[in-house]
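S.K.: Below: one structure in structure tokens.
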Amino acid sequence: MSLPAVLLAAGPSPSPTPSESPTVTVPSLQDAQESATNAASWVEQNWQTWLAIGLRVLLILVIAAVLRKFVLRAITKLIDRMNRTVESAAEGSPTLGGLLVNAERRRQRSQAIGSVLRSVASFLILGTAALMALSAFEINLAPLLASAGVAGVAIGFGARNLVTDFLSGVFMILEDQYGVGDQIDAGVATGEVIEVGLRVTKLRGANGEIWYVRNGEVKRIGNLSQGWATAGVDVTVKTSEDLDRVKATLDEVAEKMSKEEPWNELLWSPIEVLGLDSVLLDSMVVRVSAKTMPGKALSVERELRWRVKRAFDAADIRIVGGATAPAEEDPVDTTAAVAAPSVFSNADSPQVAAASPIAPQRAVTPSPK
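In our numbering, the protein residues as written are -10 to 358.
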């Protein structure tokens, strides 16, 4: 081959002119038939695998749905059984049980407990079913679980207060620390519980204000409506009063009040005269106490003071209003404060003239003639 021929062969190929169009390869009928045959054979080879995976996923979902329904129904029956047990106990003890087991409190507590248990059961069952369904498709769950773990840590760190409130609310409800209608002292607020939630507890204060207290902020709780309350009245009388007569009068008031309605239901123990609480120079304090229904101590104290005052007035026993009794004094003669008119009140009287100083007299010099 000559040199010009070699250079021509090694040089760049000429570019097509704009007028030239690229050639398009049109598949033939034989190629189309071959592609369809390959697709059909691929489907025929894998349809059993697809069917098996689909049936497996369907079986997982059906079992999860049935199990979830069964568990939720069991939780509902358990809550209803707990309510019936408490109601039967309340019927057996109508005074104490009927007080401590309020219908609204039972209903709300049962709803809260049932809601928590249902949510936890649904999350566990559906979450497990979702992981099993993904594994049926031969999806590698390790990266997914790692990502979910990192996201969970980030969300938990950002919403740690929310998680704390939720967990505190769950344990408050499960332990029955307080319920609707209870008077509680939560530290940050005090009042009557009107709603118990998993995150927030709603209180009504003494002046009608409504407090929203986050459950995570409550460090201590003083329940003033559980068990019983104590009504105490201090009766202050003079030291000159007869103690036996004072005690007899108080016993009579206590016995009469314990037999009258509605105080016989509010009093859970007889009213007792505990004796002398303190003795001062001119007064002494007699202590009266009784156990009452929770939240009714103030009402019992007011009524007891009212009855004691009326009984002491009838028995001519003097009640001292302050810490010490005023000293007895002789009655003041009102006429002694009015003095007789004095003679010195008249400027022209001889007594005033006699009491006036004598003015000095000047010497008179004779005038020259």
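Ideal Cβ placement from N, Cα and C applies to all residues, glycine included. None of these values were measured; they are calculated from a predicted model.
Contact between the stretch 233 to 240 and the stretch 184 to 195 is defined here as three or more beta-carbon pairs at a separation below 8 Å; is this criterion met?
M.R.: Not touching, per the Cβ criterion.
S.K.: What residue does the beta strand (DSSP E) around VAL297 start on, and which one ends it?
M.R.: Taking the first residue of the sequence shown as position 1, residue 297 is located at position 308. No beta strand (DSSP E) holds VAL297; the alpha helix (DSSP H) holding it covers 286 to 303.
S.K.: Within 10 Å of its beta-carbon, does ILE128 have 16 or more other beta-carbons around it, so buried, or fewer, so exposed?
M.R.: In the sequence shown, the residue the question calls residue 128 occupies position 139. Label assigned to ILE128: exposed.
S.K.: Would you tell me roughly how many angstroms separate the C-alpha atoms of GLN215 and ARG73, rounded to the nearest one?
M.R.: The count along the sequence shown starts at 1 and reaches residue 215 at position 226. The count along the sequence shown starts at 1 and reaches residue 73 at position 84. Rounded to whole angstroms, GLN215 to ARG73 spans 21 Å at the Cα level.
S.K.: Quick check on the burial criterion: 16 or more other C-beta atoms within 10 angstroms. Buried or exposed for GLU164?
M.R.: If you number the sequence shown from 1, residue 164 lands on position 175. Looking at its Cβ environment, which holds fewer than 16 other Cβ atoms inside 10 Å, GLU164 is exposed.
S.K.: Given that a residue counts as buried once 16 or more other Cβ atoms are within 10 Å of its Cβ, and exposed if not, what is GLU230?
M.R.: Locating residue 230 in the sequence shown gives position 241, where the first residue counts as 1. GLU230 is buried by the Cβ-count criterion.
S.K.: So for SER82, helix, strand or coil by DSSP?
M.R.: The count along the sequence shown starts at 1 and reaches residue 82 at position 93. The predicted model places SER82 with a pLDDT of 49, which falls under 50 and marks its position as unreliable; any figure quoted below should be read in that light. Three-state DSSP puts SER82 in coil, outside helix and strand.
S.K.: Our contact map puts ILE52 next to ALA125 with C-beta atoms below 8 Å; I'd like the distance itself, whole angstroms only.
M.R.: Position 63 of the sequence shown, counted from the start, is the residue given in the question as residue 52. Position 136 of the sequence shown, counted from the start, is the residue given in the question as residue 125. That belief does not hold up - the Cβ atoms of ILE52 and ALA125 are roughly 13 Å apart, past 8 Å.
S.K.: Is it the case that the stretch 168 to 188 contacts the stretch 200 to 207, given that we only count it when at least three CB pairs across the two stretches are under 8 Å?
M.R.: Touching, yes, given that three or more Cβ pairs across the two stretches are closer than 8 Å.
S.K.: Near ILE162, which residues of its chain fall below 8 Å by C-beta distance, leaving aside the five closest residues on each side in sequence?
M.R.: Locating residue 162 in the sequence shown gives position 173, where the first residue counts as 1. For ILE162, where only same-chain residues beyond five positions count, the Cβ hits under 8 Å are ARG98, ALA101, ILE102, VAL105, VAL185 and LEU187.
S.K.: Could I get the ranges of all uninterrupted alpha helix (DSSP H) runs contained in the stretch 35 to 74, with 4 residues as the minimum, in chain order?
M.R.: The stretch 35 to 74 contains no whole alpha helix (DSSP H) run of 4 or more residues.
S.K.: So the alpha helix (DSSP H) VAL185 belongs to, where does it begin and stop?
M.R.: Your numbering for residue 185 matches position 196 in the sequence shown. Premise fails: VAL185 lies in the beta strand (DSSP E), 179 to 185, not in any alpha helix (DSSP H).
S.K.: Please state whether DSSP places GLY221 in a helix, a strand or coil.
M.R.: Looking up residue 221 in the sequence shown gives position 232. Correct three-state label for GLY221: strand.
S.K.: Once DSSP output is grouped into helix, strand and coil, what is the label at ASP240?
M.R.: Numbered from its first residue, the sequence shown carries residue 240 at position 251. Reduced to three states, the DSSP call for ASP240 is helix.
S.K.: Using the Cα positions of MET71 and LEU61, report the straight-line distance between them to the nearest angstrom.
M.R.: As a first step, residue 71 must be located in the sequence shown, where it is residue number 82. As a first step, residue 61 must be located in the sequence shown, where it is residue number 72. Going from the Cα of MET71 to the Cα of LEU61 covers about 15 Å.
S.K.: Can you tell me which residues form a DSSP beta bridge with LYS191?
M.R.: Here residue 191 refers to the residue found at position 202 when the sequence shown is read from its first residue. Beta-bridge pairing links LYS191 to GLU184 and TYR201.
S.K.: Contact check, SER278 vs ALA220 under 8 Å by CB: the rounded distance?
M.R.: Translated into the one-based positions of the sequence shown, residue 278 becomes position 289. Translated into the one-based positions of the sequence shown, residue 220 becomes position 231. 7 Å between Cβ atoms; contact.
S.K.: Among the candidates GLN19, SER24 and SER111, whose CA atom is the shortest distance from the CA of ALA54?
M.R.: Along the sequence shown, read from residue 1 onward, the residue named residue 54 stands at position 65. Closest option to ALA54, Cα to Cα, is SER111.
S.K.: Along the alpha helix (DSSP H) that carries SER278, what are the first and last residues, could you check?
M.R.: Residue numbering aside, residue 278 sits at position 289 when the sequence shown is read from its first letter. Run containing SER278: none in the alpha helix (DSSP H); it sits in the beta strand (DSSP E), 273 to 281.
S.K.: Please report how far the alpha carbon of GLY141 lies from the alpha carbon of PHE59, in whole angstroms.
M.R.: Taking the sequence shown and counting its residues from 1, the one referred to as residue 141 is at position 152. Taking the sequence shown and counting its residues from 1, the one referred to as residue 59 is at position 70. Between GLY141 and PHE59, the C-alpha separation is close to 29 Å.
S.K.: According to DSSP, is ILE102 part of a helix, a strand, or is it coil?
M.R.: Indexing the sequence shown from 1 puts residue 102 at position 113. Helix.
S.K.: Look up GLY141 in the DSSP assignment and say whether it is helix, strand or coil.
M.R.: Sequence index remark: in the sequence shown, residue 141 carries index 152 (1-based). Reduced to three states, the DSSP call for GLY141 is helix.
S.K.: Which residues in the same chain as ALA304 place their Cβ atom closer than 8 Å to its Cβ, once the five residues preceding and following it in sequence are excluded?
M.R.: Residue numbering aside, residue 304 sits at position 315 when the sequence shown is read from its first letter. The residues are ARG234 and THR238.
S.K.: Specify the secondary structure class of LEU265 as computed by DSSP and reduced to three states.
M.R.: The sequence position of residue 265 within the sequence shown is 276, counting from 1. Looking at LEU265 - three-state DSSP - the assignment turns out to be strand.
S.K.: ALA118 to ILE199, Cα distance in whole Å?
M.R.: Counting from one through the sequence shown, the residue named residue 118 turns up at place 129. Counting from one through the sequence shown, the residue named residue 199 turns up at place 210. If you take the alpha carbons of ALA118 and ILE199, they lie about 44 Å apart.
S.K.: Assign VAL177 to buried or exposed, taking buried as 16 or more other Cβ atoms, counted over all protein chains shown, within 10 Å of its Cβ.
M.R.: Counting from one through the sequence shown, the residue named residue 177 turns up at place 188. Exposed, by the Cβ-count rule.
S.K.: Secondary structure at ILE210, three-state DSSP: helix, strand or coil?
M.R.: Numbered from 1 along the sequence shown, position 221 holds the residue referred to as residue 210. Three-state result, ILE210: coil.
S.K.: Please name the residue or residues paired with GLN172 in a DSSP beta bridge.
M.R.: Sequence index remark: in the sequence shown, residue 172 carries index 183 (1-based). For GLN172, which the question treats as bridged, DSSP gives the partners GLU181.
S.K.: Given a threshold of 16 other Cβ atoms within 10 Å of its Cβ, counted over all protein chains shown, does ARG149 qualify as buried or as exposed?
M.R.: By one-based count along the sequence shown, residue 149 stands at place 160. That one is exposed.
S.K.: Please state if the CB of VAL289 and the CB of VAL226 are separated by a distance shorter than 8 Å.
M.R.: Residue mapping note: residue 226 aligns to position 237 of the sequence shown, counting from 1. Residue mapping note: residue 289 aligns to position 300 of the sequence shown, counting from 1. For VAL226 and VAL289, no; Cβs fall outside 8 Å.
S.K.: Where do the N-terminal and C-terminal ends of the alpha helix (DSSP H) with ASP154 fall, by residue?
M.R.: On the sequence shown, position 165 is the one that residue 154 refers to. Where ASP154 is concerned, the enclosing alpha helix (DSSP H) stretches over 149 to 163.
S.K.: Can you grab the Cα-Cα spacing for the pair THR153 / ILE42, in whole Å?
M.R.: Reading the sequence shown from its first residue, position 164 is the one you call residue 153. Reading the sequence shown from its first residue, position 53 is the one you call residue 42. When rounded, the distance between both Cα atoms is 41 Å.
S.K.: Please classify ALA(-1) as buried or exposed, where buried requires at least 16 neighbouring CB atoms within 10 angstroms.
M.R.: The count along the sequence shown starts at 1 and reaches residue -1 at position 10. Residue confidence for ALA(-1) is low, a pLDDT of 46 falling below 50, so the modelled location carries little weight; the figure read from the coordinates is stated next. Label assigned to ALA(-1): exposed.
S.K.: What does a CB cutoff of less than 8 Å around GLU261 pick up in its chain, not counting 5 residues either side in sequence?
M.R.: Within the sequence shown, numbered from 1, the residue matching residue 261 stands at position 272. The residues are ALA243, VAL277, SER278 and ALA279.
S.K.: Have a look at GLY180, LEU232 and VAL46 and flag the residue whose alpha-carbon is nearest the alpha-carbon of LEU213.
M.R.: Position 224 of the sequence shown holds residue 213. When only C-alpha atoms are compared, the closest one is GLY180.
S.K.: Would ILE144 be called buried (16 or more neighbouring beta carbons within 10 Å of its own) or exposed?
M.R.: Taking the sequence shown and counting its residues from 1, the one referred to as residue 144 is at position 155. Flag for ILE144 reads exposed.
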